[in-house]
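Student:
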Amino acid sequence: MSANQPSSLTATQADASFRAAVRLLASLMPDAAIATGSEPPLESLAQSSEPPRTVDATIIEDGMMRSHRVFEPPIAQFAAFLDGTQVSRMLHCCADGTPIIHGTAAAVIRERRNKRLYTRRHIVARRLYANRRRVPDSLWTSLAESGISLRDTADEEGGQGPHPFASRDAAIHRLQRDREDAERDLAKEWCEREDRPLLIDGGISGMESVARSSCAVGVIKSHRTLYAERDALVTTFALKRGERSSVFRVEFERRTPVASWYLRLRDRAGTDPMWGLVRVEVAHPDRVDERAIGARADEVSRWILAEATPVSLPDGRWDKMVYGVRDCEEFLRAVI
Amino acid sequence: MTETIDVGLTGVVGPLGRVVATERKPNTPHEFHFWTALDSPVGIGTIVRVEGDQPVNGQIPEIYGIVVEGFSYTDLATPLHDVLGHDGTPGGASLAATHRAEIRLYTAAVLRQMPEEPLQPVPMGRVYLATNDDVAVALRMDGYLRGEDSTGIPVGVYRAGGTDAPIYLDADFLIGPEAAHLNITGVSGLATKTSAIEWILSSIFAHFPEKKGSVAALCFNVKGPDLCFLDQPGPIDEADKTLYEKCGVPAGPFEHVQYFAPYKPDGFSLNTLRSNEQLLGNVSSLTWGLREVLQYAEVLLNKDDVDAKADALIDFIRERVVDRDFSDALLGNKSYRVRSFADLEEWFKDVLSAMETRGNEGWRTHHVATIRKVRNRLSNISTRCAGLVTDDGGVSDLPFGSFQDRTVYVIDVASLEEAAQDLIFARVVTKLREHLEKRDLGVNHVIVFVDELNKYAPNDGQETYVRKMLLDLAERGRYLGLVLFSAQQFRSQVHRRVVGNSGTALYGRMDPDELATPGYSVLSPAVKTKLATLEKGQLMVRHPHFTQPIFVRFPRPAVMRGRDGAERYPQAVDVELDAAVLRSLRTLDPSLTLGWVRDTIGIREDEEVIRARNATLRERPADVKKFFQSQLRPVAVTHTPVRPMAPAIRSAPTDDPYGF
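Chains as they are written, first to last, in my numbering: chain A, 59 to 394; chain B, 12 to 671.
1. Are the C-beta atoms of THR68/A and some chain B residue less than 8 Å apart?
2. For THR85/B, report the span of its beta strand (DSSP E) as first-last.
3. Under 8 Å: do the segment 143-161 of chain A and the segment 118-135 of chain A share three or more Cβ pairs, one atom per stretch?
4. Whose Cβ in chain B lies nearer than 7 Å to the Cβ of VAL369/A?
5. DSSP state of TYR307/B, grouped into three classes?
6. What does a CB cutoff of less than 7 Å around LEU321/A pick up in its chain, not counting 5 residues either side in sequence?
7. Start and end of the beta strand (DSSP E) containing GLU356/B?
8. Just the Cα atoms here: how many angstroms apart are SER595/B and PHE240/B?
9. Considering just the uninterrupted stretch of the beta strand (DSSP E) at VAL499/B, what are its terminal residues?
10. If you pair each beta-carbon of the segment 68-80 of chain B with each one of the segment 116-132 of chain B, do three or more pairs fall below 8 Å?
11. Quick check: the Cα distance between ARG171/A and ALA112/B, rounded to an integer number of angstroms?
12. Looking only at its own chain, which residues have a Cβ that is under 8 Å from the Cβ of PHE310/A, when we skip the five neighbours before and after it?
13. For a contact defined as C-beta to C-beta under 8 Å, what are the partners of GLY103/B on chain A?
14. May I ask you to verify whether the segment 422-438 of chain B touches the segment 386-397 of chain B, counting CB pairs closer than 8 Å and requiring at least 3?
15. Could you tell me if PHE671/B is buried or exposed, where buried requires 16 or more neighbouring beta carbons within 10 angstroms of its beta carbon?
16. State yes or no: is the C-beta of VAL336/A nearer than 7 Å to some heavy atom of the ligand NAP?
17. In or out: MET152/B buried (at least 16 other Cβ within 10 Å) or exposed?
18. Can you check whether the C-beta of MET59/A is within less than 8 Å of a C-beta belonging to chain B?
19. Quick one: is TYR490/B buried, meaning 16 or more other Cβ sit within 10 Å of its Cβ, or exposed?
20. On a CA-only basis, which of SER413/B, ASP175/B, PRO165/B and ASP433/B is nearest VAL310/B? Give me that one, please.
21. Which residues in chain A sit within 7 Å of ASP86/B, going by Cβ to Cβ distance?
22. To which residues of the same chain is VAL383/A closer than 8 Å at the C-beta, ignoring the five residues directly before and after it?
23. Taking a Cβ distance cut-off of 9 Å, strictly less, list which residues of the segment 36-51 of chain B are near chain A, in chain order.
24. Alpha carbon to alpha carbon, how far is ALA308/B from GLY173/B?
25. Taking all protein chains shown into account, decide if THR571/B is buried (16 or more other Cβ within 10 angstroms of its Cβ) or exposed.
26. In the DSSP assignment, find the unbroken beta strand (DSSP E) run with ASP239/A in it and report its ends.
27. Got a sec: is the Cβ-Cβ distance from LYS173/A to anything in chain B below 8 Å?
28. Select from THR203/B, GLU209/B and THR57/B the residue whose C-alpha is nearest the C-alpha of VAL260/B.
29. Which residues bound the beta strand (DSSP E) around GLY672/B?
30. On the criterion of 16 or more Cβ atoms from any shown chain inside 10 Å, does HIS221/A qualify as buried, or is it exposed?
31. Report the residue ranges of all beta strand (DSSP E) runs contained in full by the segment 306-392 of chain A; include only those spanning at least 3 residues, in chain order.
32. Between LEU106/B and chain A, is any beta-carbon pair separated by less than 8 Å?
33. Counting pairs of beta carbons, one from the segment 178-195 of chain B and one from the segment 211-231 of chain B, are three or more of them closer than 8 Å?
34. Could you tell me which residues DSSP pairs with PHE45/B in its beta bridges?
35. Report the rounded CA-to-CA distance for PHE496/B versus VAL538/B, giving the unit in angstroms.
36. Do you know offhand how far TRP358/B's Cα is from THR376/B's?
Set out below in structure tokens:
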């Protein structure tokens, strides 16, 4: 795709913006209580369902978790950055408390040219999320006929529960999958057409073709799951700036195995052991060659360390976030 | 979709920006904001066109604006974050793999909205660089650039991006009658003010519509050799030639220039830097006699000195004595005809002498003390203005009644005392006014250029005759075709009514202190910064048709700069009377020789020779020699008697050595 090709907007033909949806519902149910738009996004209310945990991963370099100094100087090699986001707001509650939620999933690739970032392609998808079986038929039909895209959350995990929060969480999960789909589409397209490295915010194991591509590098900032236990954890927390851990394999059911390691972007400050710590995912080699995988980890680490400047301030996660990802977030914030 | 911006000679094809408005920074009917790419050719003073998205009354709105302010910032919340990001090492910034997101945000003042009604806040829309046609519409020049009816006078070229548009002033608002006058401000030493005036005069002479009549310019050269070589060509470069071509103005010196300068106190050397013999062909002397000066005695006499009683006596002299046969019982049978300061002095002497003889304290209601005071003050004029005012009453004046179209008349007053400068200004402007009122000046419009206006029309200090005249000229001159072009370094120090009545105002590079005065508060900080750093050849223009000031470039005048002229044509050294007479008369008859002049003037008194020379110059006879000789009184040939040698009483014998 050439740089000047238009960015696409994957959405329905109808105006699916939040305000348009509010207007639509108000016209369908003049007496009903409709959202005003001042409500906070549901993402800020919903608690993370993933419990913090440690996992004993299979180490494929060194045989045990060790720290490796990345000796070669950082070098900027990433050609682009990919990130996605989602925003959901309560639109209306049916009589039984079943929520109708407006959700927006978006993703973007920002390509770097001459040190400046430009939008390569972006996707914005706006939809309504609700449990089909709990929403009155007439309302569901009217919404469907309006042209706005509808997502039935009945089949989501917990979506059948009568508690409104269960329906809400199911909607958020569905929206999250939509966001991941958008990210995957963009990443897949990049990997099919490009050889240049792409930095993806988050893991890549959920996208098979991407997870097998040599040009995709996932950088994970959150550490709800730590792939080290006992001494390995101590070694990981003891990493200094510019040091990486040994490479280990991350594999889960229904996910593609990837090679991963921890990398400290910035010196630890204060008491947080995960300050400046990111986990990197790259394609797992078909045949594990310790020297090759170590060299690959050093190489990619140099690329990531080069992205430590400019800092992503004023974002609160600036210690772990590379500037290209912050730029993607800013872009998405502007367009959704 | 990404649109391609193609900046070429034909202008910009695609948009270069987008209008943006926030609650904190909303757009209004007079101002809007837009952002551009980092490499866009927009800057302070750039004219842009906005195309709205929504039609108003069935018409897509188009808004023209001029950029008056610019902002640039990144996504940083505080500079400290950048310091932290680079560990306090500035050199580390260049190693960053990515440049921070950065914005170029501009504020533009609205020049014109189409349609003009209803007047609404500027809508969101695409922003384009203004093309030549856009510039004409934005500045409302389309109203007066109508083919053969055009009244446009090029003032310079607006240049931005690929746009190179000549900017025209409306002659009806520059020369009159709708509005008139032009004022230019700028720091000294950058040759902006004088150069701009010379350029605009060239432009007026080239473009002033024939149907609006004739126009001439009268310039007072008040300092150095600034205006002394307007008829001599000066070097211009290719860029300037292009500007001349764009504006349709011939790149050459003024074709018709006449210079006037008084004499030095010696009465025979011209008091001007343009006294080189090679250039004297169009230099005339400016000398006035008693009658010319007495009409403007108010200019020269201190108000504290000349009270009502003295004023009455001056009126009496003006009305009853000067140029009339005057006799009085007090003066016996003697009849007077006062034509010159010398005659007046003799008249005063006789009057006072007669009063003293008779012991009179007063004469014709005038007290002796008043008579003495007036005698003292009037006699002093010919001393203070020596060279300009002649004792003998000889007059050499501007060609009132036969002014020529497209001609520049320069009066060099640079070396004169302030009183003499004031006298020249007052009398010349008054005469221009009188002739324009009677429609017999020779031209329909006269542009009077006065430099150093803060000296002649200051906004403080006591009221002077010259300031009153300038105020009158500024307020009423346009109805007569008398137009004031003025210049000064500090506009804030000029009388407000003078600059306020100038329909057109030009600004060269400005002094920051001057820009800090209240008169410039309407300008944005960015425009002030641009004004304080303007290059040579750039001006900011305010004109009645332009709702906002516009920046233009003008070419260097194709005339010899004063400094170059002074070097190439050095001032003639002061010479003896015979050489000075030769230099003057040679402009009429190049065959004259110094020997002939010496033989002709012989041993005559200087005053007589000067009088003859002035009469010859005034008359410009075909036979210069004959006329000059006729002006000299004949000298009787004298023969020195030869005294015969007295014979010796007795011759000494040749053989008597002792004399016996």
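Beta carbons: idealized from backbone N, C-alpha and C, even for Gly.
Tutor: Based on what the coordinates show:
1. For THR68/A, the pLDDT reaches just 41, beneath the cut-off of 50, and the residue's location in the model is therefore unreliable, although a value from the coordinates is still provided. Chain B, which has no Cβ nearer than 8 Å to the Cβ of THR68/A, makes this no.
2. 73-85
3. no
4. HIS92, LEU95 and GLY96
5. coil
6. ARG302, VAL336, VAL338, SER359 and ILE362
7. Run containing GLU356/B: none in the beta strand (DSSP E); it sits in the alpha helix (DSSP H), 352-369.
8. 19 Å
9. Residue 499/B is actually Gln in this sequence, not Val. Unbroken beta strand (DSSP E) run through GLN499/B: 493-499.
10. yes
11. 13 Å
12. SER263
13. THR367
14. yes
15. Residue confidence is low: PHE671/B scores 47 on pLDDT, short of 50, so the model does not pin down where it sits. Its coordinate-derived value is still stated next. Per the 10 Å Cβ criterion, exposed.
16. Looking at this structure, you won't find the ligand NAP or any other ligand, since it has none at all.
17. buried
18. The predicted model places MET59/A with a pLDDT of 36, which falls under 50 and marks its position as unreliable, so this point remains unresolved.
19. exposed
20. ASP433/B
21. GLU388
22. PHE139, ASP141, LEU257, ASP259, VAL277 and SER370
23. LEU49
24. 59 Å
25. One detail in the question is off: residue 571/B reads as Met in this sequence, not Thr. Its Cβ being crowded by 16 or more others within 10 Å, MET571/B is buried.
26. It is not in any beta strand (DSSP E) - ASP239/A instead sits in the alpha helix (DSSP H) that spans 222-251.
27. yes
28. GLU209/B
29. Since the displayed chain B opens at 12 and closes at 671, residue 672/B lies outside it and no answer follows.
30. exposed
31. 306-308, 316-322 and 335-341
32. yes
33. yes
34. VAL30/B and TYR117/B
35. 24 Å
36. 17 Å
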